[in-house]
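Okay, structure first, notes after.
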Amino acid sequence: MADAPNSPGPGASPFGRPLSPHLQIYRWTITMAASITHRVTGIALAAGTLFLAWWLIAAASGPDAYGLFMRLATNLLGEVVLFGFLWALAFHLLNGIRHLAWDVGYGFKVPTAKLTAALVYGVSLLLAAGAFVVGIMVRGGLGT
Amino acid sequence: MTARLRTPLSRIEGLGAGRSGTMHFWHQRMTAVALVPLSIWFVASALAYVGADQGAVAAYFAEPVNAVPMFLFVVASTYHMSLGLQIIIEDYIHQEGQKIALLMLNRFAAWAIGAASGFALIKMALH
């Protein structure tokens, strides 16, 4: 803090008010990462609803449309995207529960918030990996 | 600066967060709570039918016990999505025209995805 709060220093607002430092100034914390990841996974899941609609329309349209969807979903890129959606859903679901706990007043202490953020990362990866393996076992192997 | 002559009350009475902010918050939370069981059910269903052919998937969603939760999942997730994306647009897009266009596009996209998914479910149910 070289400048006094109200003195126009480098990057100060023209009104002489102090500006909040930009995001890149702060040291990264796991709680901050979890907050940003929540938003990013939300955007990814929004894109995922397009695939969900496509899957349902293909299933409603007939064997040809469904076959095309399955061929694209089960190539290597499709598998990577599916794993990404599984993890994004697991993360957003678990971190969403963390947010709901905050809404009713629980989990605000810094050590608790740090622990729950780490748990959300770890458990979401485990859940996504577990679900992915179950999917492979149900289908009977990777690829088509 | 006409803004100085306006009372805080008059500013919130017009367009703005004065009337819709808490509803947005509340609906985001309601859909979030609904989506906890619905998304777990959806992933379990999708995993069970991951290698199934089209006929088996269509037959699964033709059953009311599966069609109804899937319909609820589609409605809750597209609504939750439109609420979340709206916040992101409002946070990062500051140019008024762009913001209004994107907010409108956001709602159109949510309705289009929801309608397409819902139509597919109805088609499978009636087939």
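Those sequence lines, one after another, are chains A and B. When you read off a place in the first sequence, starting at 1, and then add 104, the result is the number in this note's numbering. When you read off a place in the second sequence, starting at 1, and then add 41, the result is the number in this note's numbering. Heads up, the beta-carbon is just placed ideally off N, CA and C, and yes, glycines get one too.
With a cut-off of 8 Å on Cβ pairs, the segment 122-130 of chain B is in contact with the segment 142-153 of chain B, counting three or more such pairs. For chain B, the residues of the segment 192-221 of chain A that bring a beta carbon within less than 8 Å of one of its beta carbons are Leu193, Leu197, Gly200, Ile201, His203, Leu204 and Asp207, in chain order. Residue state for Tyr133 of chain B is assigned as helix, using DSSP reduced to three classes.
For Leu156 of chain A, at least one C-beta of chain B is nearer than 8 Å to its own C-beta.
Take the alpha-carbon of Leu231 of chain A and the one of Pro122 of chain A: they are about 44 Å apart.
Not one beta carbon of chain A lies nearer than 8 Å to the beta carbon of Thr63 of chain B. For Leu197 of chain A, there are no CB contacts under 6 Å within the same chain when 5 residues up- and downstream are skipped.
Taking 8 Å as the threshold, the shortest C-beta distance from Gln127 of chain B to chain A does not fall below it. Residue range Leu180 to Asp207 is occupied by the alpha helix (DSSP H) that includes Gly188 of chain A. With a cutoff of 8 Å on beta-carbon distance, Pro110 of chain B and Trp82 of chain B are scored as near each other. Contacts with chain B at 8 Å (Cβ-Cβ) do not include Pro125 of chain A. Three or more beta-carbon pairs separated by less than 8 Å link the segment 220-238 of chain A to the segment 137-157 of chain A, which places the two stretches in contact. If you look at Ala162 of chain A, you'll find it in the alpha helix (DSSP H) that goes Ile134 to Ser165.
Secondary structure at Tyr170 of chain A: helix, using DSSP grouped into helix, strand and coil. In the DSSP assignment, Ser228 of chain A falls within the alpha helix (DSSP H) that extends over Val214 to Arg243.
Spatial neighbours of Phe114 of chain B in its own chain (CB-CB distance under 6 Å, excluding positions within 5 residues in sequence) are listed in chain order as Leu79 and Phe83.
At least 8 Å separates the CB of Phe149 of chain B from every CB of chain A. With contact defined as three or more Cβ pairs closer than 8 Å, the segment 155-166 of chain B and the segment 148-160 of chain A are in contact.
Met165 of chain B sits close to Ala99 of chain B, with the two beta carbons spaced by under 8 Å. Counting the other CB atoms within 10 Å of its CB gives Tyr170 of chain A a total of 16 or more, which places it among the buried residues.
Val77 of chain B carries a helical assignment under DSSP once its states are collapsed to helix, strand and coil.
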